[in-house]
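Heads up: the protein sequence lines correspond to chains A and B, in order. For the first sequence, my numbering begins at 478 and goes up steadily by one. For the second sequence, my numbering begins at 71 and goes up steadily by one. Every residue gets a Cβ at the ideal spot worked out from N, C-alpha and C, and that includes glycine. It should be emphasised that the depicted structure is a prediction, and the values quoted were computed from it without experimental measurement.
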Amino acid sequence: GAVVSQHPSWVICKSGTSVKIECRSLDFQATTMFWYRQFPKQSLMLMATSNEGSKATYEQGVEKDKFLINHASLTLSTLTVTSAHPEDSSFYICSVSGGLYEQYFGPGTRLTVT
Amino acid sequence: QKEVEQDPGPLSVPEGAIVSLNCTYSNSAFQYFMWYRQYSRKGPELLMYTYSSGNKEDGRFTAQVDKSSKYISLFIRDSQPSDSATYLCAMSEETGRRALTFGSGTRLQVQP
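Written as structure tokens, this is what we have:
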């Protein structure tokens, strides 16, 4: 399967600041990437679908102006959490579409907003 | 009612036991069924991937899909302490944007 990395693995930021999370597909050209959020002891909730060279498609209830997604190349997608607040503290995970319907996930980024 | 239901556990078994993990779902359009393993604070790892109904075996793992009952299972034989993790089922429709719908995950503990 595809190898996916995320950076940073853990970030702490102050309320009101913005944070950028990178997702890289290391061995696979990914036209489609997905961003998920996972709260403690809960399942993954899809936030948005990121397509290379076009605007992301956001799930209902996800603020597109708050969670900015850029998929500028076949190997890199970024998620920027703007004006972060403590309720945005979560585990953010990206995945790469593997060609059919399987997805390969990155190791996740833990965001803590103080 | 959630689209995908999964018992959260925890499920505790002795080493060497056969483990059965299950999910039920309500969306009859789901055609692709996956099982992921997730260790604490890590990304999910794809274990098994099945299309439509039937069985699939890979080493100690067997995945079963019964579309008539809207029920899928993952069996782990000869369970090991290293199998202790959260197991997530995930499903997708055949058409559309390939988004996955996840179960809530079952936490498994294999006692040495």
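>> Let's see if you can read the secondary structure: which residues bound the beta strand (DSSP E) around residue 81 of chain B?
In response: In this chain, the beta strand (DSSP E) harbouring residue 81 of chain B covers 81 to 84.
> Taking all protein chains shown into account, do 16 or more other C-beta atoms lie within 10 angstroms of the C-beta of residue 180 of chain B, making it buried, or fewer, making it exposed?
Replying inline: Flag for residue 180 of chain B reads buried.
> Out of A/489, A/479, A/493, which has the shortest C-alpha to C-alpha gap to residue 543 of chain A?
Replying inline: Minimum Cα distance to residue 543 of chain A is reached at A/493.
> Is the number of C-beta pairs between the stretch 100 to 112 of chain B and the stretch 160 to 170 of chain B that are closer than 8 Å three or more?
Replying inline: The answer is yes - the stretch 160 to 170 of chain B touches the stretch 100 to 112 of chain B, with three or more Cβ pairs under 8 Å.
> Under 9 Å, do residue 588 of chain A and residue 488 of chain A count as touching if we go by C-beta distance?
Replying inline: With contacts defined as CB atoms closer than 9 Å, residue 588 of chain A and residue 488 of chain A qualify as a contacting pair.
>> With distance defined between alpha-carbon atoms, name the residue in A/547, A/563, A/541 nearest to residue 531 of chain A.
In response: If we check each option's Cα against that of residue 531 of chain A, A/547 comes out closest.
>> In whole angstroms, give me the CA-to-CA distance for residue 85 of chain B and residue 150 of chain B.
In response: Rounded to the nearest whole angstrom, the C-alpha separation of residue 85 of chain B and residue 150 of chain B is 5 Å.
>> Counting only Cβ pairs nearer than 8 Å, list the residues of chain B close to residue 584 of chain A.
In response: Here the neighbours are 112, 113.
> Under a three-way DSSP split, which group does residue 152 of chain B fall into?
Replying inline: Note: residue 152 of chain B maps to helix in three-state DSSP.
>> As an exercise, report each continuous beta strand (DSSP E) stretch of at least 3 residues that is fully enclosed by the stretch 478 to 530 of chain A, in chain order.
In response: Positions of the beta strand (DSSP E) runs, each at least 3 residues long and wholly inside the stretch 478 to 530 of chain A, are given as 481 to 484, 487 to 490, 496 to 502, 509 to 515, 521 to 528 in order along the chain.
> Roughly how many angstroms lie between the CA atoms of residue 97 of chain B and residue 139 of chain B, to the nearest whole one?
Replying inline: A straight-line Cα-Cα distance of about 11 Å links residue 97 of chain B and residue 139 of chain B.
>> So, at 6 Å on beta carbons, what are the nonlocal neighbours of residue 506 of chain A in its own chain, with the 5 sequence-adjacent residues on each side left out?
In response: Hits under 6 Å: 551.
> Short check: CB of residue 108 of chain B to CB of residue 175 of chain B, under 9 Å?
Replying inline: Yes.
>> Judging by CA-CA distance, which residue of A/591, A/482, A/545 is the nearest neighbour of residue 524 of chain A?
In response: Looking at the Cα atoms, A/545 is the closest of the given residues.
> Among A/495, A/512, A/516, which one has its Cα closest to the Cα of residue 553 of chain A?
Replying inline: Residue A/512 is the option with its Cα nearest to residue 553 of chain A.
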